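Residue numbers (the working numbering): 1192 to 1315.
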């Protein structure tokens, strides 16, 4: 797991957090140095604004989303990016508008691209 955070919380200069495995919301909150309730709030923003984030959750037998399962590496990255945007914009409403205007910033393709940049950088 490559955590891009500082002792004060998220590092605004980093491209995001990259977890190599699934993590719980509690674990991710510790990694990002935020309250679990904050992370759950970011999860709610992502769930209703980013289709690929929502689709990464398993679906229960009744058709609802199973939000109690651990987060995928992509979902962890999305939440760390939402945290970065939240630090800059200071408002959930502004973050929602940012996501609406810049959905590509939270896409699986962007995640894959940045993940490969980080892993290539570590190999050098």
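The C-beta atom is built at its ideal place from N, Cα and C for all residues, glycine as well. Given the structure is predicted, the values throughout are model-derived calculations rather than measurements.
**OP:** Pull up the distance between the alpha-carbon of residue 1274 and that of residue 1220, whole angstroms please.
**Re:** Locating residue 1274 in the chain shown gives position 83, counting from the first residue. Locating residue 1220 in the chain shown gives position 29, counting from the first residue. Whole-angstrom Cα-Cα distance: 11 Å.
**OP:** Verify the contact flag: residue 1282, CB atom, against every heavy atom of the ligand ATP, threshold strictly below 7 Å.
**Re:** Absence of the ligand ATP from the depicted structure is noted, as is the absence of any ligand whatsoever, leaving it without description.
Original post:
Which residues mark the beginning and the end of the alpha helix (DSSP H) in which residue 1223 is found?
Top reply: Locating residue 1223 in the chain shown gives position 32, counting from the first residue. Counting along the chain, the alpha helix (DSSP H) containing residue 1223 begins and ends at 1216 to 1223.
Subject >> Counterpart residues of residue 1250 in DSSP-defined beta bridges >> reply: On the chain shown, residue 1250 is found 59 positions in, with the first residue counted as 1. Residue 1250 is bridged to 1256.
Original post:
What is the residue span of the alpha helix (DSSP H) that residue 1238 lies within?
Top reply: Locating residue 1238 in the chain shown gives position 47, counting from the first residue. 1227 to 1240 is the extent of the alpha helix (DSSP H) around residue 1238.
Original post:
Mind checking whether residue 1227 and residue 1238 have CB atoms under 8 Å apart?
Top reply: Translated into the one-based positions of the chain shown, residue 1227 becomes position 36. Translated into the one-based positions of the chain shown, residue 1238 becomes position 47. Not closer than 8 Å, so no.
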